[in-house]
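Trainee:
2 protein chains.
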Amino acid sequence: MKTIGIIGGGQLGRMMTQAAKKMGFHVIVLDPGENSPAGQVADSQILGSWNDSESLKKIVEACDVCTYDLEHVDTSALIELSDQGHEIHPDPRVLSVIQDKLLQKQCIEEAGLSTPAFIELTEDADFAKFGFPLVQKTRKGGYDGKGVLVMKDESALVEKLPGECMLEKMVDLEMELGVMVARGIDGELVSYPVTEMTFDDRSNILDLCIVPARISADLEVKARTLAEKTIEALGGVGIYGVEMFVDKQGEVFVNEVAPRPHNSGHYTIEACVTSQYEQHIRAVAGLPLGSPEQMRPCVMYNLLGEPGHTGEPVLDGLEVCLHIPGVSLHMYGKAETRGFRKMGHVTVTSENLDEALEKALIVKKNLKVISE
Amino acid sequence: MKTIGIIGGGQLGRMMTQAAKKMGFHVIVLDPGENSPAGQVADSQILGSWNDSESLKKIVEACDVCTYDLEHVDTSALIELSDQGHEIHPDPRVLSVIQDKLLQKQCIEEAGLSTPAFIELTEDADFAKFGFPLVQKTRKGGYDGKGVLVMKDESALVEKLPGECMLEKMVDLEMELGVMVARGIDGELVSYPVTEMTFDDRSNILDLCIVPARISADLEVKARTLAEKTIEALGGVGIYGVEMFVDKQGEVFVNEVAPRPHNSGHYTIEACVTSQYEQHIRAVAGLPLGSPEQMRPCVMYNLLGEPGHTGEPVLDGLEVCLHIPGVSLHMYGKAETRGFRKMGHVTVTSENLDEALEKALIVKKNLKVISE
Numbered sequence: 428m429k430t431i432g433i434i435g436g437g438q439l440g441r442m443m444t445q446a447a448k449k450m451g452f453h454v455i456v457l458d459p460g461e462n463s464p465a466g467q468v469a470d471s472q473i474l475g476s477w478n479d480s481e482s483l484k485k486i487v488e489a490c491d492v493c494t495y496d497l498e499h500v501d502t503s504a505l506i507e508l509s510d511q512g513h514e515i516h517p518d519p520r521v522l523s524v525i526q527d528k529l530l531q532k533q534c535i536e537e538a539g540l541s542t543p544a545f546i547e548l549t550e551d552a553d554f555a556k557f558g559f560p561l562v563q564k565t566r567k568g569g570y571d572g573k574g575v576l577v578m579k580d581e582s583a584l585v586e587k588l589p590g591e592c593m594l595e596k597m598v599d600l601e602m603e604l605g606v607m608v609a610r611g612i613d614g615e616l617v618s619y620p621v622t623e624m625t626f627d628d629r630s631n632i633l634d635l636c637i638v639p640a641r642i643s644a645d646l647e648v649k650a651r652t653l654a655e656k657t658i659e660a661l662g663g664v665g666i667y668g669v670e671m672f673v674d675k676q677g678e679v680f681v682n683e684v685a686p687r688p689h690n691s692g693h694y695t696i697e698a699c700v701t702s703q704y705e706q707h708i709r710a711v712a713g714l715p716l717g718s719p720e721q722m723r724p725c726v727m728y729n730l731l732g733e734p735g736h737t738g739e740p741v742l743d744g745l746e747v748c749l750h751i752p753g754v755s756l757h758m759y760g761k762a763e764t765r766g767f768r769k770m771g772h773v774t775v776t777s778e779n780l781d782e783a784l785e786k787a788l789i790v791k792k793n794l795k796v797i798s799e
Numbered sequence: 428m429k430t431i432g433i434i435g436g437g438q439l440g441r442m443m444t445q446a447a448k449k450m451g452f453h454v455i456v457l458d459p460g461e462n463s464p465a466g467q468v469a470d471s472q473i474l475g476s477w478n479d480s481e482s483l484k485k486i487v488e489a490c491d492v493c494t495y496d497l498e499h500v501d502t503s504a505l506i507e508l509s510d511q512g513h514e515i516h517p518d519p520r521v522l523s524v525i526q527d528k529l530l531q532k533q534c535i536e537e538a539g540l541s542t543p544a545f546i547e548l549t550e551d552a553d554f555a556k557f558g559f560p561l562v563q564k565t566r567k568g569g570y571d572g573k574g575v576l577v578m579k580d581e582s583a584l585v586e587k588l589p590g591e592c593m594l595e596k597m598v599d600l601e602m603e604l605g606v607m608v609a610r611g612i613d614g615e616l617v618s619y620p621v622t623e624m625t626f627d628d629r630s631n632i633l634d635l636c637i638v639p640a641r642i643s644a645d646l647e648v649k650a651r652t653l654a655e656k657t658i659e660a661l662g663g664v665g666i667y668g669v670e671m672f673v674d675k676q677g678e679v680f681v682n683e684v685a686p687r688p689h690n691s692g693h694y695t696i697e698a699c700v701t702s703q704y705e706q707h708i709r710a711v712a713g714l715p716l717g718s719p720e721q722m723r724p725c726v727m728y729n730l731l732g733e734p735g736h737t738g739e740p741v742l743d744g745l746e747v748c749l750h751i752p753g754v755s756l757h758m759y760g761k762a763e764t765r766g767f768r769k770m771g772h773v774t775v776t777s778e779n780l781d782e783a784l785e786k787a788l789i790v791k792k793n794l795k796v797i798s799e
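Chains as they are written, first to last, in our numbering: chain A, 428 to 799; chain B, 428 to 799.
1) Quick one, which of B:Leu-646, B:Glu-623, B:Phe-672 and B:Val-681 has its alpha-carbon nearest B:Leu-780's?
2) Compare the C-alpha of A:His-453 against each of A:Ile-486, A:Ser-463 and A:Leu-474 and name the closest.
3) Which residues in chain A have a C-beta closer than 7 Å to the C-beta of B:Pro-715? List them in chain order.
4) Take B:Leu-742 and list the residues in its own chain whose beta-carbon comes closer than 7 Å to its own, dropping the five residues that flank it on each side.
5) Quick one, which of B:Glu-581, B:Val-575 and B:Phe-554 has its alpha-carbon nearest B:Lys-564's?
6) Would B:Met-671 and B:Ala-650 be called neighbours here (beta carbons separated by less than 7 Å)?
7) Report the option in A:Tyr-759, A:Ala-783, A:His-772 and A:Leu-784 whose CA atom is closest to the CA atom of A:Gly-440.
8) Would you verify that the beta carbon of A:Lys-786 is, or is not, closer than 7 Å to some beta carbon of chain B?
9) Is the beta carbon of B:Val-775 less than 7 Å from the beta carbon of B:Gly-744?
10) Less than 6 Å between C-beta atoms, sequence neighbours within five positions excluded: which residues of the same chain meet that for B:Ile-751?
11) Run through chain A and tell me which residues come within less than 9 Å of B:Met-758, C-beta to C-beta.
12) Which residue's Cα is closest to the Cα of B:Met-478: B:Val-500, B:Lys-484 and B:Ala-489?
13) Here's the rule: buried if 16 or more other CB atoms are within 10 angstroms of the residue's CB, otherwise exposed. What is B:Asp-580?
14) State the CB to CB distance for the pair A:Ile-801 and A:Asp-571, rounded to an integer number of angstroms; the pair is presumed to be in contact (CB under 8 Å).
15) Using 8 Å for Cβ pairs, my map puts A:Ser-541 next to A:Leu-653. What's the rounded Cβ distance?
16) Is the distance from the Cβ of B:Gly-668 to the Cβ of B:Ser-691 below 7 Å?
17) I'd like to know whether the C-beta of A:Gln-467 is nearer than 7 Å to at least one C-beta of chain B.
18) Just grab the DSSP bridge partners of A:His-772 for me.
19) How far does the beta strand (DSSP E) with A:Leu-682 in it reach, from first residue to last?
20) Tell me which same chain residues have a C-beta within less than 8 Å of the C-beta of B:Gln-445, skipping the five on either side of it?
21) What are the residues in the segment 689-700 of chain A lying within 9 Å of chain B by C-beta distance?
22) Alpha carbons only, please: which of B:Asp-613, B:Asp-599, B:Gly-437 and B:Pro-688 is nearest the one belonging to B:Asp-674?
23) On the DSSP letters alone, give me the boundaries of the alpha helix (DSSP H) that B:Leu-508 sits inside.
24) Can you pull out the residues from the segment 590-618 of chain B whose beta carbon lies closer than 7 Å to at least one beta carbon of chain A?
25) Scan the segment 514-560 of chain B and note each continuous beta strand (DSSP E) run of 3 residues or more that stays entirely inside, going in chain order.
26) Tell me whether the segment 596-616 of chain A and the segment 712-727 of chain A touch, counting them as touching only if at least three CB pairs, one residue from each stretch, are closer than 8 Å.
27) Using only alpha-carbon positions, find the residue among A:Met-450, A:Asp-458, A:Glu-782 and A:Val-608 that is nearest to B:Pro-464.
28) Identify the residues that DSSP records as bridge partners of A:His-453: which are they?
29) With 8 Å as the limit, tell me which residues of the segment 707-732 of chain A have their beta carbon closer than that to any beta carbon of chain B; keep them in chain order.
30) Which of the three DSSP states is assigned to A:Ile-473 in this structure?
31) At which residues does the alpha helix (DSSP H) containing B:Glu-586 begin and terminate?
32) Kindly say whether B:Asp-458, judged by its beta-carbon, lies nearer than 7 Å to any beta-carbon of chain A.
33) Taking only beta-carbon positions, decide if A:Asp-496 is within less than 7 Å of chain B.
34) From what residue to what residue does the alpha helix (DSSP H) around B:Tyr-704 run?
35) Who are the Cβ neighbours of A:Val-521 in its own chain at under 8 Å, not counting the five residues just before and after it?
36) What's the gap between the Cα of A:Pro-688 and the Cα of A:Ser-471?
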């Protein structure tokens, strides 16, 4: 069996590794932290950074095919390795477009797809002329609401983010949707059901993911089609998370794309015929894509570290939650909890969505990641 | 989080480990072979035998709770460790009953439960008086049809098995059924749907597992109740596989019990709300048991090494099979294939059982584990 390399050893790499090991692949993880979440379940781990060209060379040479659990990697080194004939998916050239929000949005706009109006934040850019309310975003390195600043009016200018940025029109938001899309080595495209995402007010991190989204059939088709066309425009091989805004008028806009398994696709492990992780592994290994069909309605809840708790994680309220039928717990094996750190997630499946949501809210109320 | 020790690093230990890691436990595996199937996905592996008291002491002392992936372990050493206060599930005392087929059957008979008539094979036992056709079984160490000899008449006496044995009446067999039963730390009992098992003629190893079994509602209740009562009689904590015979008159008999996840329960990973592996981990970790509900009909097919092939395994026909929606491949990461060695399995889920069976038969026809 082939050896798959995973650049980045976080929870996404961990669940990718679990899917790859299930299918019999050997897995090597590259991560700077000893005993990383993915390293714990892989055959071996190379200690090193995803921005260090030597480490990247090491993993790429040790594996038949490499992929990532994060987009913030040194793509210039990977493009060189790819040019030497090493198989890396998604193509690092695609990654370098996606990891730069400005380039990503330009690609989406050029394909004629709906995304909020934006401009590059040049030195002489005029915020007022672009118009408030707006969102300032750093071009690279942001995640989970980091590197994003909402500016309602000129008074917010004092908080302006440093570095290379872009400005985006603020959408009059009704709701946020997500769709996972997989693209196979032969260009085959498979998309998953539309998910409804709610966010944690305090941390801006995904809180609940409700699947299928409680939206009209029209809106569902619109969102799924937009997501598919976005991935067709970006290209590459693997699974992608497409986050979208819906405004008060029911228009759908691409917010941003992640070139990897995504938090809004965790639910697929329990609820779908093929999980986003297995789908990704199938894609990068050049195997046929699996069925994305959803077997049961479900709600995913992100288990964030309780603010005020730092240190070895302890789960409070676990017994109560595991007594509820359909509750599936995922912990990422992180040695230390911190406020709002993603420590795990829970997926609740049920025969009907209302019941799944009800149960997820009980879990949310009772299950806490604290420290000893 | 707790550390769970798994004694034995085969495929059952591997899938147990995957379930335990999913839930955030640390996992240490004890196995004599380097890079064992379970060791590959665990935090660490202790190299040593399950019959070596020093190795058993090492793993028990390193973990909060220990369990097994096989029943042929040195229970006297484990009973001593259990008496010293180490948590080991199922209780090694229960294991020493189950690992001896004669003691196991005596326990089942004493509870008034249906099992084929049997006697201990003493030196002066009279085969003819017990009556042909009969089955001679070694009391300990048998698995997958090994240590079992069917004797149709006196002419078979020349092939008599050596060692401590028992004789069992041959059932006029209509079909074989299986039920997984879990017992929690508080004595809570949960049973899974009844599975229909067919066996490979050449190797006597489980071939297909069809779930739900195509039987009457009456027979289903009878089999499930018998399985539950059998585990109530045997006691202990964890998951158990109960294999049963159905004769031509529709009577159900316990064939034998495995004190661990079982081949006939692999299907639960894809088809049930809680897999047999997570259920076992929940039980031994003292957590509430999960729902055994089946979400979709399914058929499991055992991937055995093709006879005539020895060496590094290669999957022939994989592309064809993965094109079929609902096909889920599990490979065990074994470095070497041999004729009839269990190398992996495939579970096919579908909205209806006939379709699942049809697809499983395509997989069976096309997918082969060969060597390079």
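Beta carbons: idealized from backbone N, C-alpha and C, even for Gly.
Mentor: The structure says:
1) B:Glu-623
2) A:Ile-486
3) Residues of chain A whose Cβ lies closer than 7 Å to the Cβ of B:Pro-715 are, in chain order, Glu-746, Leu-749 and His-750.
4) Leu-794 and Val-796
5) B:Val-575
6) For the pair B:Met-671 and B:Ala-650, the CB atoms are nearer than the 7 Å cut-off.
7) Among A:Tyr-759, A:Ala-783, A:His-772 and A:Leu-784, the Cα nearest to that of A:Gly-440 belongs to A:Tyr-759.
8) no
9) no
10) Lys-786
11) Met-428, Lys-448, Lys-449, Met-450, Gly-451 and Phe-452
12) It should be noted that the sequence gives Asn, not Met, for residue 478 of chain B. Checking every option, the nearest Cα to that of B:Asn-478 belongs to B:Val-500.
13) Classification of B:Asp-580: exposed, given that the 10 Å Cβ count is below 16.
14) This structure does not reach residue 801 of chain A, given that chain A is present from 428 up to 799, and the question cannot be answered.
15) 6 Å
16) yes
17) yes
18) In the DSSP output, where bridge partners are listed per residue, A:His-772 has A:Asn-729 and A:His-757.
19) Reading the sequence as shown, one finds Asn at residue 682 of chain A and not Leu. For A:Asn-682, the uninterrupted beta strand (DSSP E) run begins and ends at 679-685, by DSSP.
20) Val-468 and Tyr-704
21) Ile-696, Glu-697 and Val-700
22) Of the candidates B:Asp-613, B:Asp-599, B:Gly-437 and B:Pro-688, the residue whose Cα lies closest to the Cα of B:Asp-674 is B:Asp-599.
23) 502-510
24) Of all residues in the segment 590-618 of chain B, none comes within less than 7 Å of chain A when Cβ atoms are compared.
25) Counting only runs of 3+ residues, the beta strand (DSSP E) found wholly inside the segment 514-560 of chain B occupies 545-548, in chain order.
26) yes
27) A:Met-450
28) A:Thr-430
29) For the segment 707-732 of chain A, which is checked against every Cβ of chain B, the residues closer than 8 Å are Arg-709, Leu-714, Pro-715, Gly-717, Ser-718, Glu-720, Met-722 and Arg-723.
30) strand
31) DSSP places B:Glu-586 outside any alpha helix (DSSP H), giving it a letter other than H or E.
32) no
33) no
34) 703-711
35) Leu-661, Gly-662, Gly-663 and Pro-686
36) A direct Cα-to-Cα measurement between A:Pro-688 and A:Ser-471 gives close to 21 Å.
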